[in-house]
Every structure is written in C-alpha cells, then in structure tokens.
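Student: Before I ask anything, here is the structure I am working with.
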Amino acid sequence: MRELDREFGQLTEETCRTVIDIMEMYHALHVSWTNLKDAAGIDERRVTFLGFDAATEARYLGYVRFMVNVEGRYSHFDAGTHGFNSQTPMWEKYQRMLSVWHACPRQYHLSSNEINQIINA
0 MRELDREFGQ
10 LTEETCRTVI
20 DIMEMYHALH
30 VSWTNLKDAA
40 GIDERRVTFL
50 GFDAATEARY
60 LGYVRFMVNV
70 EGRYSHFDAG
80 THGFNSQTPM
90 WEKYQRMLSV
100 WHACPRQYHL
110 SSNEINQIIN
120 A
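According to numbering that gives the first Met the number 0, numbering within the sequence shown proceeds without interruption in unit steps and concludes at 120.
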C-alpha cells in the first residue's frame, strides 16, 4: 500500500475519479461509435483514448498505465506505440469533453451528433 501512496499519493481522490471518468467517457464513445448504423464522418481515431502528455501530465499518465496494466481495467484500450503518451497536454480538452458528455441523456447510446459535439468540445 505504501508503494501505491508513493506512486500516486499526490493525486487526490477527486483527480483519480476524474481520470477514471475520462476513460469511461472514451469507452462510451467507442461503444456508441461501434453501434452507429452510419459512422461516416467520424474517424475511429477520434473516439480512441490517447492518454496524457508525459512531459506535463505524467502523474495522470502513470495512473492510467497503472489502471490498465496492473489493475486490468480498460484493458481493451490500445496503448499504441507510446503507451498512452499523447505527446500533447490533454487535461483541459478532456474536461471540456466531460462537460458535454455528462449533459447527454443516454451516455452509452450516443448519436453521431452527440459524438461529434463531445469530440469537438
């Protein structure tokens, strides 16, 4: 347990919940995109979780890697060749996306319009 505290002790519980919420949003985006009858105009890469920037968001990135690689959560997410390192800051973008997603009435059955609103937030 001390190992976890040393690794993630600087992250508040609220921040950890937000990271999980971001990952859950991407799960919902991908499930909804897969279930669309016509996903034309929405590239699958836009509904794929990129991760966080290793240079400026390393603590979030470390938590994502822990969740996927150690805890086995969201194991269906593709870490890509950079291991969830988006190579650009994403936290603020994800916050805007979460606001739009939370306002959707059916968060796991998103329309193509709702998906576009979320990914373009």
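Beta carbons are placed, not taken as given, at the ideal position from N, Cα and C, and that holds for glycine.
Who are the Cβ neighbours of Gln-9 in its own chain at under 8 Å, not counting the five residues just before and after it?
Tutor: Once the five neighbours on either side are set aside, the close Cβ partners of Gln-9 are Arg-58.
Student: On the premise that Ile-41 lies in contact with Asn-115, defined as a C-beta separation below 8 Å, what is that separation, rounded to the nearest angstrom?
Tutor: Right, their Cβ atoms sit about 7 Å apart.
Student: Suppose the cutoff is 8 Å on Cβ atoms and the five residues either side in sequence are ignored; what does the same chain contact list for Met-22 look like?
Tutor: Around Met-22: Phe-48, Val-63, Met-66, Arg-72, Tyr-73, Phe-76.
Student: Quick one: what's got a C-beta closer than 8 Å to Tyr-107's C-beta in the same chain, skipping five residues either side?
Tutor: Same-chain partners within the cutoff: Ala-27, Val-30, Ser-31.
Student: Among Ala-120, Cys-103, Tyr-93, His-101, whose alpha-carbon lies nearest the alpha-carbon of Thr-14?
Tutor: Closest by alpha carbon: Tyr-93.
Student: Count the other C-beta atoms from every protein chain shown that fall within 10 angstroms of the C-beta of Val-69, then say buried if there are 16 or more, exposed otherwise.
Tutor: Burial call: exposed.
Student: For Asn-84, which three-state DSSP category applies?
Tutor: Asn-84 falls in the strand class under three-state DSSP.
Student: In whole angstroms, what separates the C-alpha of His-81 from that of Thr-87?
Tutor: In a straight line, the C-alpha of His-81 is about 12 Å away from that of Thr-87.
Student: Find out if the Cβ-Cβ distance for the pair Ser-98, Gly-50 is shorter than 8 Å.
Tutor: It is not a contact, given that the beta carbons lie outside the stated cut-off.
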